Amino acid sequence: KAGVTQTPRYLIKTRGQQVTLSCSPISGHRSVSWYQQTPGQGLQFLFEYFSETQRNKGNFPGRFSGRQFSNSRSEMNVSTLELGDSALYLCASANRASNTGELFFGEGSRLTVL
Amino acid sequence: EDQVTQSPEALRLQEGESSSLNCSYTVSGLRGLFWYRQDPGKGPEFLFTLYSAGEEKEKERLKATLTKKESFLHITAPKPEDSATYLCAVQSLTSGGGADGLTFGKGTHLIIQP
């Protein structure tokens, strides 16, 4: 069974630009969460989507947004990029039916903002 | 606000030398405590979920335990392939009885030398 797929794996942007990252969850998983990972702050929760609805949101500014499509694929967007947005962005999917709290992470999209 | 503190930040052991990693947490209402393993360049990989004080889970050379304020990940007779960053996370209950996103600690970087 294929794992969580994130694209692109690496990207470089400049301040003020915007970026869109994509995540394809494990087949059958309807929950997708996004996390930001930096050396200083570690892993921080951005938001979670389930059946195209945002269920939870972390403490990030409105420049960070996301959506989920009917096939459970998800995208996150960051507008007006700042240097501090440089990070590894991780997507995780979950099978809510199992209710184990087990998240399956992708390998991440590494964003560098210059 | 949920908080997770992991110690030590880094740990270097000889192969076969057992030890424990600590995860201290504060959370308004604990839904679950999770341990993940992260290898360089990869997303975190789920290890265990613990739900209540006194609970223990085992997998190969790893055993996770939980009290009301902390969790320990015990590593018995580790091998070089156990080298990784071990992440602890908590998930709290929302006021509506649902679950928030995970709050992660910054991890313990474990190196097992042959």
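Protein chains in written order, with my numbering: chain B, 1 to 114; chain L, 115 to 228. Glycine included, C-beta positions come from ideal geometry on N, C-alpha and C. This one's a predicted model, so the numbers in the text were calculated from it and none came from an experiment.
Beta-bridge partners of residue 44 of chain B, as assigned by DSSP
B/36
For chain L, check one thing: does any of its Cβ atoms lie closer than 9 Å to the Cβ of residue 95 of chain B?
no
Contact with chain B by residue 196 of chain L, beta-carbon distance below 9 Å:
no
Should residue 32 of chain B and residue 68 of chain B be called a contact, given that it needs their Cβ atoms to be closer than 9 Å?
yes
Taking a cut of 9 Å between CB atoms, which residues from the stretch 61 to 95 of chain B lie near chain L?
If the cut-off is 9 Å between Cβ atoms, the stretch 61 to 95 of chain B has 88, 90, 91, 92 near chain L.
Scan the stretch 153 to 172 of chain L for residues whose Cβ lies nearer than 8 Å to a Cβ of chain B and list them as they occur along the chain.
155, 156, 157, 158, 159, 160, 163
Determine which residues of the stretch 25 to 51 of chain B have a Cβ less than 7 Å from any Cβ of chain L, and write them out in chain order.
33, 42, 43, 45, 48
Given a cut-off of 9 Å, decide if residue 19 of chain B and residue 88 of chain B are closer than it, judged by their beta-carbon atoms.
no
Any 3 or more C-beta pairs closer than 8 Å across the stretch 23 to 37 of chain B and the stretch 101 to 108 of chain B
Yes, since at least three Cβ pairs between the stretch 23 to 37 of chain B and the stretch 101 to 108 of chain B fall closer than 8 Å, the two stretches touch.
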